[in-house]
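Taken in order, these protein sequences are the chains called A and B. The opening position of the first sequence corresponds to residue -11 in this note's numbering, with each subsequent residue numbered one higher. The opening position of the second sequence corresponds to residue -11 in this note's numbering, with each subsequent residue numbered one higher. A quick write-up on the structure given underneath.
There are 2 protein chains.
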Amino acid sequence: KRQVVVIGLGRFGVSLATTLYKMGHDVLAVDTNERIVQGISPEVTHAVQADATNESILRELGIANFDVGIVAIGTEIENSVLSTILLKRLGVPYVIAKAENNLHGIILEKIGADKVVHPEREAGTRVAHELPLVDVMDYISVSPRYGVAMLTALPYFVGKTISQLELGRGGRWGVAVLLIYRGKEVIVTPDRAETIKANDVVILSGDDENLERLLTAAK
Amino acid sequence: KRQVVVIGLGRFGVSLATTLYKMGHDVLAVDTNERIVQGISPEVTHAVQADATNESILRELGIANFDVGIVAIGTEIENSVLSTILLKRLGVPYVIAKAENNLHGIILEKIGADKVVHPEREAGTRVAHELPLVDVMDYISVSPRYGVAMLTALPYFVGKTISQLELGRGGRWGVAVLLIYRGKEVIVTPDRAETIKANDVVILSGDDENLERLLTAAK
Ligand SMILES: Nc1ncnc2c1ncn2[C@@H]1O[C@H](COP(=O)(O)OP(=O)(O)OP(=O)(O)O)[C@@H](O)[C@H]1O
Ligand SMILES: Nc1ncnc2c1ncn2[C@@H]1O[C@H](COP(=O)(O)OP(=O)(O)OP(=O)(O)O)[C@@H](O)[C@H]1O
């Protein structure tokens, strides 16, 4: 398990810190705001009120021993940049920083952030790709035209086999069923005789056009 | 193709509107801020300066004829809620609304939003899951413990076959290769003899623990 420090407890920082803690990692959450620090403290390993642009405070917190640092400070861009510089200077091997806008993102890359996240911008592109496929619960863009989509089995699918649905290799839709998640069971690369059941979660792959055509026809 | 109206051109709204337009949909972008409207106008079908809480203006814009409406207004929560109510009242079949916080999200659900998006919160959980797998480019959480991850082939994989890597059914890692994206070619459910090449993009599935164990060992 990892030692992770999360600096800045806005919506992104809180979600990240509490999720990592639930996944079993050691999470130190840092913010200047005492009320926020107290609020999060049951949901992380430790929560500390501190100014993360203060190098000696970061040293005292043992930041140099952390595997991962995340700077999730938003509106105060200079604080975000300075805190990122300090984490790298103190030797944190992997630092993720959240950017407020494109220029902020460029600065963070230049000063050494290993990964820059733009939550609002990335949510916009993700929702755009899920949109034609309104039942899609999640989606990975493999190329600009090809994707992997997760969705709950549509009524049209239920009770039919993969070959009856004309999915899979050579099937007329050009869409494959990569995986079925049923209750707690995972069926990886199900074969053509597999019957789709109600409440199955399916992972499909195909050209975005083909995915859209299939899901539109299935309604 | 869809007729989509995007109301509120912050980072989420701009990313969504411009991505949908690039995907070939008809996009009307609306904001009260003239400068923002002018800035986006080359990148969407039409951009209009308007107050989206004004029902007669929405009627004039022909909102009733749109397939999808997205309310991407952030800080002005009452505007976000009122605009969402109006889109549903005018008969837009599918309305997505962005929420500022949990209470805002609950209100939007209650007043009829078909889908509520929390970009910062969702980015937090997504980054948390990608974190142990730092090379992962994207990730779908199929269940709280099982996921599908997209990544570029690690040097450790390159030149080996799927069976040599002990991936796939019965392999000791408990991780399957669902898909390989190579140049422009997509290999769905590759067989065990497939050799991984440099620059392959692979889609893996497995328990999060197993994915992490594999990727840690591969480094
Ligand atoms: N120097 C600092 N040290 C520690 N915490 C800081 C510092 N500067 C700002 N913060 C904290 O960062 C947190 C997040 O910043 P802010 O709320 O501006 O970001 P945001 O972009 O609105 O966040 P989100 O979009 O994730 O909700 C705030 O709670 C703030 O107190
Ligand atoms: N009644 C309204 N009609 C149209 N546009 C509106 C209305 N009220 C607010 N807006 C616009 O909504 C846009 C987005 O709102 P705001 O910037 O507060 O959200 P945000 O949460 O910071 O956005 P993001 O996180 O996506 O960057 C602003 O450009 C604002 O002008």
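Quick reminder that beta carbons are idealized off the backbone N, C-alpha and C, glycines included. Here the structure is a predicted model, which means the values were calculated and not measured.
Residue burial classification, residue i (beta-carbon count within 10 angstroms, cutoff 16)
i       : result
B/R77   : exposed
B/G100  : exposed
B/L91   : exposed
A/R(-1) : buried
A/H34   : exposed
A/E110  : buried
A/T204  : exposed
B/A52   : exposed
B/I150  : buried
A/K207  : exposed
B/A164  : buried
B/N89   : exposed
B/E66   : exposed
B/A181  : exposed
A/E22   : exposed
A/E197  : exposed
B/G12   : exposed
B/T72   : buried
B/G147  : exposed
A/P178  : buried
B/S29   : exposed
Short CB-CB distance (under 8 Å) between residue i and chain B
i       : result
A/G79   : no
A/T177  : yes
A/V136  : yes
A/L74   : no
A/A206  : no
A/V174  : yes
A/G(-2) : yes
A/V(-7) : no
A/V25   : no
A/V104  : no
A/S68   : no
A/E108  : yes
A/I61   : no
A/V56   : yes
A/L139  : no
A/L49   : no
Neighbour flag for residue i against chain A, beta carbons, 8 Å
i      : result
B/T7   : yes
B/T113 : yes
B/D126 : yes
B/A164 : yes
B/A38  : no
B/G93  : no
B/R157 : yes
B/Y144 : no
B/A116 : yes
B/S3   : yes
B/L16  : no
B/P30  : no
B/S193 : yes
B/E154 : no
B/L96  : no
B/E64  : no
B/S131 : yes
B/V189 : yes
B/L199 : no
B/L167 : yes
B/I84  : yes
B/L202 : no
B/G119 : Checking the sequence, you will find Leu at residue 119 of chain B rather than Gly. Yes, B/L119 counts as interfacial toward chain A.
DSSP bridge partner residues for residue i (one or two, in chain order)
i      : result
B/Y127 : B/A137
A/L16  : A/V(-7), A/H34
B/G194 : B/G135, B/V163
A/K103 : A/I84
| Using 8 Å as the Cβ pair cut-off and three pairs as the minimum, do the stretch 129 to 143 of chain A and the stretch 124 to 142 of chain B touch? | yes
| field | beta strand (DSSP E) runs contained entirely in the stretch 142 to 189 of chain B, provided each spans 3 or more residues | value | 163 to 170, 173 to 176
| Continuous alpha helix (DSSP H) assignments of at least 4 residues falling wholly in the stretch 38 to 95 of chain B | 43 to 48, 65 to 77
| field | Given 8 Å, three or more beta-carbon pairs between the stretch 146 to 158 of chain A and the stretch 35 to 50 of chain B | value | no
| said: Using 8 Å as the cut-off, can you tell me whether the stretch 170 to 187 of chain B makes contact with the stretch 99 to 118 of chain B, which would need three or more C-beta pairs spanning the two stretches below that distance? | reply: No, because fewer than three Cβ pairs between the stretch 170 to 187 of chain B and the stretch 99 to 118 of chain B fall closer than 8 Å, the two stretches do not touch.
| said: Three Cβ pairs or more, each shorter than 8 Å: is that satisfied between the stretch 70 to 90 of chain B and the stretch 188 to 195 of chain A? | reply: no
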